[in-house]
Each structure stands twice: as structure tokens, then as C-alpha cells.
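Note sheet for the following structure.
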Amino acid sequence: MAEYRNITGVSALRAALTAVLCGILLTGIGVTIIWNGRGWPGEVYDTATLISSSETPLGAKRQGTHYDFQYAVPGGRQVVLSEMVTRSGSVNRDGDSVTVLYSPDAPEDGRLWVSRDGAEFLPALGGTALAFVGLWGVIHELLQRRRRRQVTARA
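For the sequence shown, the working numbering begins at 544 and goes up steadily by one.
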């Protein structure tokens, strides 16, 4: 029986292994994005009040909205910070309560928690799907190679 050859020159097993590795990498990046957006372990969620907001000029490199917000840290001290949120984020109007994340060690370095309607999960989900498709490809190719060896051994 003729030897199996891939016309493209890249073995299906190598392509599947590449998909698995890229999927794992993308999943890791996605998990980092989720943790960064939803808070790292040990960070504190607190309620802040939006003081003011202003849109960036149309000619600016990064489009978004600058928000000034205020929150109280343990001990009663008030912290006022400013942060720019890109257009993909959704933050309420001036005077509304929002969620802020900060480390107990450095409460002055807080940041707004901005909901992106689940978009932060896309890299992790895409990477997981790619890794599973690659894993299926590896298993499929190994089973095909095993069948080919069994057929050539019988002949």
C-alpha cells in the first residue's frame, strides 16, 4: 500500500499540536485579561461615586471617556482618582455609584471595574476551543497512523 503523504508538506499532527499550543497560550492570555478586569486575588471591591466625566476630543489617539470618581478606604479617608475608559466600556452617569477595585496595600491605586458585556471572556473561550480542536486533531491523526501501521503489517 502506498505511503500516506500530506500534499501541503506540513503533517496534520504538527498542525494539530500547533493548534493545541496556540490554544493554551490564548487561554492564558484570556485568563489574564479576565483577572485584570475582574480583580486579582486579594483585591477589594468597593463602591465609588462618579464625580464628573468628559469625552476625549475626536482627534485624540485613544477615544474614550475620562471619569473622576471618589471612594472611602478603611480608616475613613476619601480617595479621588481619574481614569479613562475606552468606548467599549460601559460606565454610568455623574453621581451614580460604581464598583472600584483596589489593593488593601495601596488603596490610592484603585481603578474602575467596567463591564464589557462578557467580551473579556472571548480570548479564553476561543483559546479553549482551539486547544480542544487541536487535541481532537492530534487524537484523530494518531489513530489514523495506528490504522495505517496495522494495515501495512497485515499486507
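Glycine residues also receive a C-beta, built at the ideal position from the N, C-alpha and C atoms.
Here the structure is a predicted model, which is why all the values come from computation and not from measurement.
Within 10 angstroms of its Cβ, does residue i collect 16 or more other Cβ (buried), or is it exposed?
{"i": "residue 602", "result": "exposed"}
{"i": "residue 675", "result": "exposed"}
{"i": "residue 552", "result": "Reliability of the predicted coordinates at residue 552 is poor, the pLDDT of 46 falling under 50, and the value obtained from them is presented with this limitation in mind. Classification for residue 552: exposed."}
{"i": "residue 677", "result": "buried"}
{"i": "residue 645", "result": "buried"}
Alpha carbon to alpha carbon, how far is residue j from residue i? Give it in angstroms, no decimals.
{"i": "residue 681", "j": "residue 656", "result": "40 Å"}
{"i": "residue 544", "j": "residue 698", "result": "At residue 544 the pLDDT is 43, less than 50, meaning the model places this residue with poor confidence; the figure from the coordinates comes in the next sentence. Near 8 Å, if we compare the C-alpha coordinates of residue 698 and residue 544."}
{"i": "residue 518", "j": "residue 637", "result": "Given a span of 544 to 698 for the chain in the structure shown, any question on residue 518 remains unanswerable."}
{"i": "residue 563", "j": "residue 671", "result": "9 Å"}
{"i": "residue 554", "j": "residue 595", "result": "58 Å"}
{"i": "residue 571", "j": "residue 561", "result": "15 Å"}
{"i": "residue 615", "j": "residue 622", "result": "6 Å"}
{"i": "residue 567", "j": "residue 559", "result": "12 Å"}
{"i": "residue 679", "j": "residue 586", "result": "38 Å"}
{"i": "residue 687", "j": "residue 694", "result": "11 Å"}
{"i": "residue 588", "j": "residue 604", "result": "31 Å"}
On the premise that residue j lies in contact with residue i, defined as a C-beta separation below 8 Å, what is that separation, rounded to the nearest angstrom?
{"i": "residue 628", "j": "residue 607", "result": "5 Å"}
{"i": "residue 576", "j": "residue 663", "result": "5 Å"}
{"i": "residue 592", "j": "residue 640", "result": "6 Å"}
{"i": "residue 666", "j": "residue 573", "result": "3 Å"}
{"i": "residue 673", "j": "residue 569", "result": "6 Å"}
Measure from the alpha carbon of residue i to the alpha carbon of each residue in the options, then state which is nearest.
{"i": "residue 599", "options": "589, 610, 590", "result": "610"}
{"i": "residue 590", "options": "617, 683, 597, 556", "result": "617"}
Within 8 Å (strictly less), CB to CB, does residue i reach chain B?
{"i": "residue 648", "result": "The question asks about chain B, but that chain is absent: this structure has only one protein chain."}
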